[in-house]
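Engineer:
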Amino acid sequence: MTEIDEPVVVVATFYQGRIRPVKFKWKGRLIHVKKVTYHWIQKDGLKEIHFFSVTDGKTLYSLAYDTDTISWHLQAVETEGV
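Residue numbers for the sequence shown follow the working numbering, beginning at 607 and rising by one.
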C-alpha cells in the first residue's frame, strides 16, 4: 500500500448508527465506492476513529473518519492485486 494521509471530502450515509462511505473526491477525481471490504473502530477515550477499506472495483483505498473532528482522511491506496 502507498501511504497518502491527505484530507478528503466524503459523501457518506449515517443510518441506524452505521457509517458507510458512498463516494469521495481525491486529486480532482470523484471516486465511487462499490464495496466496503472492511470496517473497524479505534477508540481513544471518548474519541472514535472509524477505518474503512473500500474499493471502486479497481483500487483499494483506506479511509478514516474521526468523530472528534468530524473529518475524513485518505490514508493509503493499493492498486496491485485488487
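Note that beta-carbon positions come from the ideal geometry of N, C-alpha and C, so glycine has one too.
Please read all numbers here as calculations on a predicted model, not as lab measurements.
Skipping 5 residues on each side, what residues in its chain have a beta carbon closer than 7 Å to that of T685?
Structural biologist: In the sequence shown, residue 685 corresponds to position 79, counting from 1. So the list reads T665, once near-sequence residues are dropped.
Engineer: Along the beta strand (DSSP E) that carries T661, what are the first and last residues, could you check?
Structural biologist: By one-based count along the sequence shown, residue 661 stands at place 55. Run containing T661: 653 to 661, per the beta strand (DSSP E) assignment.
Engineer: If you measure between the beta carbons of F630 and V616, is that distance less than 8 Å?
Structural biologist: Locating residue 630 in the sequence shown gives position 24, where the first residue counts as 1. Locating residue 616 in the sequence shown gives position 10, where the first residue counts as 1. Taking 8 Å as the Cβ cut-off, F630 and V616 qualify as a contacting pair.
Engineer: Going straight from the alpha carbon of W632 to that of V614, what length do you get?
Structural biologist: Indexing the sequence shown from 1 puts residue 632 at position 26. Indexing the sequence shown from 1 puts residue 614 at position 8. Roughly 6 Å between the two C-alpha positions.
Engineer: Report the partner residues of D674 according to the DSSP bridge assignment.
Structural biologist: As a first step, residue 674 is located in the sequence shown; it is residue number 68 there, counting from the start. D674 pairs with nothing; no bridge assigned.
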